[in-house]
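K.L.:
I'd like to ask you about the structure that follows.
Chains as they are written, first to last, in my numbering: chain P, 1 to 260; chain W, 1001 to 1260; chain H, 2001 to 2260; chain E, 3001 to 3260.
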């Protein structure tokens, strides 16, 4: 059998805080089933758009804060190739044990796509090692995302820039380690710029941060944003090896001099 | 007054677990006052070697695990420009609160030089976000450290390689993020290689990891190793700004369109 | 039709100086049809190993120094997705015009895999901007290549290290820009180390340098080396966009203030 | 004598095409003695601002296109620690031999600060290995440069952003290798963004690209711009070693097995 025929579907888990949508009617109007369901739809749509006889490219599930273990017990993470994370006001409610489990899975090889206000999530900060702080403003700025690395897989199929007619503003300095690869830089009407799409490798896992997605705007319905999510998950696909965090004691491969 | 005249001394704090030296006579024979005092001597020696009329380049203090707050209360960290960290078997005894305090100071701008088995220290792992795992062997391998970046400040004054006649072996893969700059790669008699000197920026702080220094060898008495420590501390000197981890809400700098 | 069904084959061109093999019987004994034919066989073998009904993954051709335009007229480069380059003693005979053509194609998106002594080829030096110098010795050192980034696509399917029983030695410092990703570091019997597998992005193209392959050793017959070549070509596959080197004059997207 | 007392002055050479100023009265009105003299003034001013008894920090000279060897004979380059380069419409007139000489000096350790339209200079393209292309517009956009890396030496003493009331626009994508460190990102009124301050290491030399400086605006009279130039030159100071481009044949450091 060829290496290319009928690969197993890429297993995507979309995690969402899922509180705004249940409390704020304005958010519920935009995301009636939650941001997670809207984002999960990116991958369901991709499956549906493929040919009838094709194996589905993705297997999608969702998980939310208020489920037991936040919907991320070991069995779910073990069956996840790429995890998408949206959180905002309740980062502290995410149990340290679950964060440690997600962290370990990223280092083993699981991909992670971190969205918008999850720049302050425990898992993103743990992977970056930095403050991940930034400036912000909720004032209906227009955001224009420029592709600074047009050959990057996360930019596949995008125009040279795309716009979101109204979004929360995030401004520099963004307290992150120098990205391994920078893909998007945003321009905001109010005068700021932001590194809106950035890539890092951590252990066996790939991490992509993507800026847009404030809950009061229909950002995850936008076709270009959905294309970025699709691209990012494909890019963050695990390499197929499972890295270990062990520190093994190993015998020499060459003869050592006899100790005195 | 000129910017260059009589700068304030660079304030170096050398932290050491300081347990081996008090339990193991073989270690005590090499480091009778502890590894921290031997390392602190690098900077005292540099002061002594300067001209008689010169202001001292360094102000050095030490701190150890069994002191209150591990010798690192806020006042000490606030008065530290570069912290050197040696730990080995008691990483878990370092209080999370102190680790968080050190971490915050690095992000603000304090330099950090991480030595040998401190690759598994809480603070190094927190800054890297990765496993920091590696292979190891205690078997008197000879280590030869090659300078792969001869123009780097950490390699100043060194020959193209230097040797340690006997050391613990550390082997790849080393579970770190891609270094911003790689300075040393080690060759070991037993057949392994290791990225032995590597640099990262995290927030306002510079982090340097340096491999050698197992407690049963006189590594920190070696002239080349001492030169690396001197260079690394100079390189990790803070920039003179204190970065904040706050996320300020900011007003627009340009007129925004009137919301509909 | 699905995006995944029957992709067009990846078009690989293997370039070789092809002088040693015609002058030195010892080299001809190892590579009777030239190094290029041995390397091209990696991709023919991969096609043959695939299922009978599968479309071939690769379309392979070769090109050599003494062909007109060194076998690389525009039509060949336009039909090349990834170019592999082996050169040694005749770098200066490669016409600047052809080098410029290859360079432009890499920036547009073509992948480039640079082998062994081609570290001093015009095209590699032009892409790196540095000396690409190193130490060397022909003395039958054993080389052991350690995988320092086990999750990297170029390391797929490899053990934690592999050995070449005899090879030319290359030693640090290697005069390259800091690699975007380092994959292999070599250990040599004679005491040196070398960054043996390194990745860079230049414009739309991906560049991989791979150290082994002196003409007097059967290196390109080695199964692990062949696996690296296969992986590297897959990794260097173009993104599917063709980058331009033009500097367009562009109209503003937002209203500008009226000039005074 | 101490290492810190009375260091030799940092030798800065400011290179300028110096054609616009002699042909275009509007440019001459802004830079009556040429852009080079205005930029050289940054370092003369710094010397003058130091204490009366202090040794000067800088020794400054200038060089221009129409001087013999463009003012850069070997003796001048050998006596240059950091070279600043402004060019625009006559890149092709710069002799390849002089470019090769500058290139070699950067790899040996000389710093290089590349200004504005010199993104297309032969020397910058040779060091980057890429197209260095970008979008542009001359339309009096306001430029706001955001500091994305506030702890970087090139940002010392700057506010979180600074503005140039009118400048030429440069827009992404900028065809450069991923910077080692990104310092500034610009916002333009017309809707674009640009990586306006970026650092790379090439061999022993440090390279800084700084975007502003179109000849028809008084940009190099701006206090913040002058601060960036001062910082950049200090940052690009050579390490004090002179790297070689030679590839030496070296004897083994460890016994090799006897060849069969």
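Ideal placement from N, C-alpha and C gives every residue a C-beta, glycine not left out. Being a predicted model, the structure only gives us computed values, none of them experimental.
Jot down the residue ranges of each uninterrupted beta strand (DSSP E) in the stretch 2190 to 2231 of chain H, minimum 3 residues, whole runs only, in chain order.
P.N.:
You should have 2193 to 2202 and 2205 to 2210.
K.L.:
Scan the stretch 1137 to 1159 of chain W for residues whose Cβ lies nearer than 8 Å to a Cβ of chain H and list them as they occur along the chain.
P.N.:
Flagged, chain order: 1144, 1146, 1147, 1148, 1149 and 1150.
K.L.:
Considering only residues of the same chain and omitting the five flanking positions on each side of residue 34 of chain P, which have a CB-CB separation below 6 Å?
P.N.:
16, 18 and 21, listed in sequence order.
K.L.:
Can you grab the Cα-Cα spacing for the pair residue 2225 of chain H / residue 2210 of chain H, in whole Å?
P.N.:
Each residue's alpha carbon lies about 9 Å from the other.
K.L.:
Going by DSSP, what residue range makes up the alpha helix (DSSP H) through residue 47 of chain P?
P.N.:
Unbroken alpha helix (DSSP H) run through residue 47 of chain P: 35 to 49.
K.L.:
Return the Cβ separation of residue 3121 of chain E and residue 3087 of chain E in integer angstroms, given the expectation that the two are a contact with Cβ distance under 8 Å.
P.N.:
Right, their Cβ atoms sit about 5 Å apart.
K.L.:
Would DSSP call residue 1059 of chain W helix, strand or coil?
P.N.:
Correct three-state label for residue 1059 of chain W: strand.
K.L.:
Tell me the rounded alpha-carbon separation between residue 2215 of chain H and residue 2104 of chain H.
P.N.:
So the two alpha carbons sit approximately 29 Å from each other.
K.L.:
Are residue 3082 of chain E and residue 3110 of chain E close, meaning C-beta to C-beta below 8 Å?
P.N.:
Yes, they are a contact pair.
K.L.:
Residues in its own chain within less than 7 Å of residue 11 of chain P by CB, not counting five upstream and five downstream?
P.N.:
59, 79, 80 and 81, listed in sequence order.
K.L.:
Tell me whether residue 2069 of chain H sits in a helix, a strand or coil according to DSSP, three-state version.
P.N.:
Helix.
K.L.:
Could you spell out where the beta strand (DSSP E) holding residue 1168 of chain W opens and where it closes?
P.N.:
Counting along the chain, the beta strand (DSSP E) containing residue 1168 of chain W begins and ends at 1161 to 1171.
K.L.:
Could you pull the DSSP bridge partners for residue 3249 of chain E from this structure?
P.N.:
Residue 3249 of chain E pairs with H:2136.
K.L.:
Which bits of chain H does residue 3180 of chain E rub up against, with CB to CB less than 9 Å?
P.N.:
Simply 2177 and 2178.
K.L.:
Assuming the contact rule is C-beta atoms closer than 8 Å, residue 184 of chain P and residue 145 of chain P should be a hit. Round their C-beta distance to whole Å, please.
P.N.:
5 Å between Cβ atoms; contact.
K.L.:
By the DSSP assignment, the alpha helix (DSSP H) with residue 124 of chain P in it spans what residues?
P.N.:
Residue 124 of chain P -> alpha helix (DSSP H) spans 122 to 128.
K.L.:
Thinking just about the alpha-carbon of each residue, which of E:3138, E:3246, E:3201 and E:3200 is nearest to the one in residue 3213 of chain E?
P.N.:
Measuring from the Cα of residue 3213 of chain E, the nearest candidate turns out to be E:3138.
K.L.:
Near residue 2056 of chain H, what residues of its chain come up, given a Cβ to Cβ distance below 6 Å and the 5 sequence neighbours on each side ignored?
P.N.:
Hits under 6 Å: 2009 and 2047.
K.L.:
Taking the continuous beta strand (DSSP E) assigned at residue 3254 of chain E, which residues delimit it?
P.N.:
Here residue 3254 of chain E belongs to no beta strand (DSSP E), and DSSP marks it neither H nor E.
K.L.:
Residue 3314 of chain E CB to nearest chain W CB: under 8 Å?
P.N.:
Here chain E has residues from 3001 to 3260 only, and residue 3314 of chain E is not among them.
K.L.:
Are the C-beta atoms of residue 2102 of chain H and some chain W residue less than 8 Å apart?
P.N.:
False, the Cβ-Cβ gap to chain W never drops below 8 Å.
K.L.:
At a CB-CB cut-off below 9 Å, which residues of chain P make contact with residue 3185 of chain E?
P.N.:
Here the neighbours are 172, 185, 193, 194 and 195.
K.L.:
Determine, using beta-carbon pairs with one atom in the stretch 1183 to 1200 of chain W and one in the stretch 2176 to 2190 of chain H, whether at least three such pairs fall under 8 Å.
P.N.:
Because the criterion of three Cβ pairs below 8 Å is met, the stretch 1183 to 1200 of chain W and the stretch 2176 to 2190 of chain H touch.
K.L.:
Keeping to the same chain, check which residues put their C-beta closer than 6 Å to that of residue 244 of chain P; ignore five residues upstream and five downstream.
P.N.:
Result list for residue 244 of chain P: empty, nothing under 6 Å.
K.L.:
Could you give the DSSP three-state label for residue 30 of chain P: helix, strand or coil?
P.N.:
Residue 30 of chain P falls in the helix class under three-state DSSP.
K.L.:
Going along the stretch 243 to 254 of chain P in order, which residues come within less than 8 Å of chain W, judged by CB to CB distance?
P.N.:
Taking 8 Å as the Cβ-Cβ cut-off against chain W, the residues of the stretch 243 to 254 of chain P that qualify are 243, 244, 245, 246, 247, 248, 249, 250, 251, 252, 253 and 254.
K.L.:
Are the CB atoms of residue 1172 of chain W and residue 1199 of chain W nearer to each other than 8 Å?
P.N.:
Against a cut-off of 8 Å, the Cβ pair of residue 1199 of chain W and residue 1172 of chain W comes out as no contact.
K.L.:
Out of H:2100, H:2031 and H:2052, state which residue places its alpha-carbon closest to the alpha-carbon of residue 2072 of chain H.
P.N.:
Selected option, being the one with the closest Cα: H:2100.
K.L.:
Which whole-angstrom value is the C-beta distance of residue 123 of chain P and residue 147 of chain P, which I expect to be below 8 Å?
P.N.:
Incorrect: roughly 26 Å between the Cβ atoms, too far for contact.
K.L.:
Which residue comes first and which comes last in the beta strand (DSSP E) that contains residue 1082 of chain W?
P.N.:
Where residue 1082 of chain W is concerned, the enclosing beta strand (DSSP E) stretches over 1082 to 1086.
K.L.:
Taking 8 Å as the cut-off, decide whether the C-beta atoms of residue 2234 of chain H and residue 2155 of chain H are in contact.
P.N.:
Taking 8 Å as the Cβ cut-off, residue 2234 of chain H and residue 2155 of chain H do not qualify as a contacting pair.
K.L.:
Please list the partners that residue 190 of chain P has in chain H, where partner means a Cβ-to-Cβ separation under 8 Å.
P.N.:
None at all; the shortest Cβ gap to chain H is about 12 Å.
K.L.:
Looking at the structure shown, is residue 2106 of chain H part of a helix, part of a strand, or coil, going by DSSP?
P.N.:
Of the three classes helix, strand and coil, the one that applies to residue 2106 of chain H here is helix, per DSSP.
K.L.:
Starting from residue 2021 of chain H and walking both ways along the beta strand (DSSP E), at which residues does that stretch end?
P.N.:
Counting along the chain, residue 2021 of chain H falls outside any beta strand (DSSP E), though it belongs to the alpha helix (DSSP H) covering 2020 to 2023.
K.L.:
Using a Cβ-Cβ cut-off of 8 Å, state whether residue 2126 of chain H counts as contacting chain E.
P.N.:
Output row for residue 2126 of chain H: interface = yes.
K.L.:
Using a C-beta to C-beta distance shorter than 7 Å, which residues of chain H count as neighbours of residue 213 of chain P?
P.N.:
Within chain H, no residue comes near residue 213 of chain P; the closest Cβ sits about 23 Å away, beyond 7 Å.
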